[in-house]
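**Q**
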Amino acid sequence: MPVVSLDSRSFGPTLGRPGILLIDWWAKWCSPCRIFGPVFEGMAERYPDITFARVEVNGQPELVEVMGVQVLPTLMVFRDGFLLLHHVGVLLEPMLEDVIRQALAMDMAEVRRKLAEYRASQARVRVGSHGV
6 MPVVSLDSRS FGPTLGRPGI LLIDWWAKWC SPCRIFGPVF EGMAERYPDI
56 TFARVEVNGQ PELVEVMGVQ VLPTLMVFRD GFLLLHHVGV LLEPMLEDVI
106 RQALAMDMAE VRRKLAEYRA SQARVRVGSH GV
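Under the numbering used here, residues 6 to 137 are what the sequence shown spells out, in order.
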């Protein structure tokens, strides 16, 4: 699958889709971004069932701010809408391959179970702190 470009309109719907999403935050003037770009594109060809996307930061300042991108390149990896990784800097091919394999191996049922447990514990803390 080719790498897709994201903007403020396509970001939310793309993030909301099930599956794995890798987002490369980059700029044309960024030398490390030019190093990482071919690695990212090569992985997109190797993993057609995964969505590979890019955000060109100069054209999307509101997304940059909302997502907290401060250094380029930045890679974000999501699975089923959950942020799994926020990595700053260039990843070489073997490192990116490892990130993808870990994302594929993630037990999302376990992630959802742990999130539900955490939310329940936080609800108990809030209720308990109000003397109820």
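No residue lacks a Cβ here, since even glycine has one placed at the ideal position from N, Cα and C.
(1) For residue 40, count neighbouring Cβ atoms within 10 angstroms of its own Cβ and tell me buried if that reaches 16, exposed if not.
(2) Mind checking which residues open and close the alpha helix (DSSP H) that includes residue 72?
(3) Using 10 angstroms around the beta-carbon of residue 22, count the other beta-carbons present and answer buried if the total reaches 16, otherwise exposed.
(4) Kindly indicate the opening and closing residues of the beta strand (DSSP E) around residue 25.
(5) Give the single residue among 129, 119, 96 whose Cα lies nearest to the Cα of residue 43.
(6) According to DSSP, is residue 97 helix, strand or coil?
(7) On the CB-based measure, 16 or more other CB atoms within 10 Å of its CB, does residue 29 come out buried or exposed?
(8) Any idea if residue 132 is buried or exposed, counting beta-carbon neighbours within 10 angstroms, 16 or more meaning buried?
(9) On the CB-based measure, 16 or more other CB atoms within 10 Å of its CB, does residue 118 come out buried or exposed?
**A** Taking the definition as stated:
(1) Of the other Cβ atoms in all chains shown, fewer than 16 fall within 10 Å of the Cβ of residue 40; this residue is therefore exposed.
(2) Annotation for residue 72: the continuous alpha helix (DSSP H) segment containing it runs 66-72.
(3) Its Cβ having fewer than 16 others within 10 Å, residue 22 is exposed.
(4) Per DSSP, the unbroken beta strand (DSSP E) holding residue 25 starts and ends at 25-31.
(5) Per the C-alpha coordinates, the member of 129, 119, 96 positioned closest to residue 43 is 96.
(6) Looking at residue 97 - three-state DSSP - the assignment turns out to be coil, as it is neither helix nor strand.
(7) With 16 or more other CB atoms across the displayed protein chains lying within 10 angstroms of its CB, residue 29 is buried.
(8) In this structure residue 132 is exposed. Its beta-carbon is surrounded by fewer than 16 other beta-carbon atoms within 10 angstroms.
(9) With fewer than 16 neighbouring CB atoms inside 10 Å of its own CB, residue 118 falls in the exposed class.
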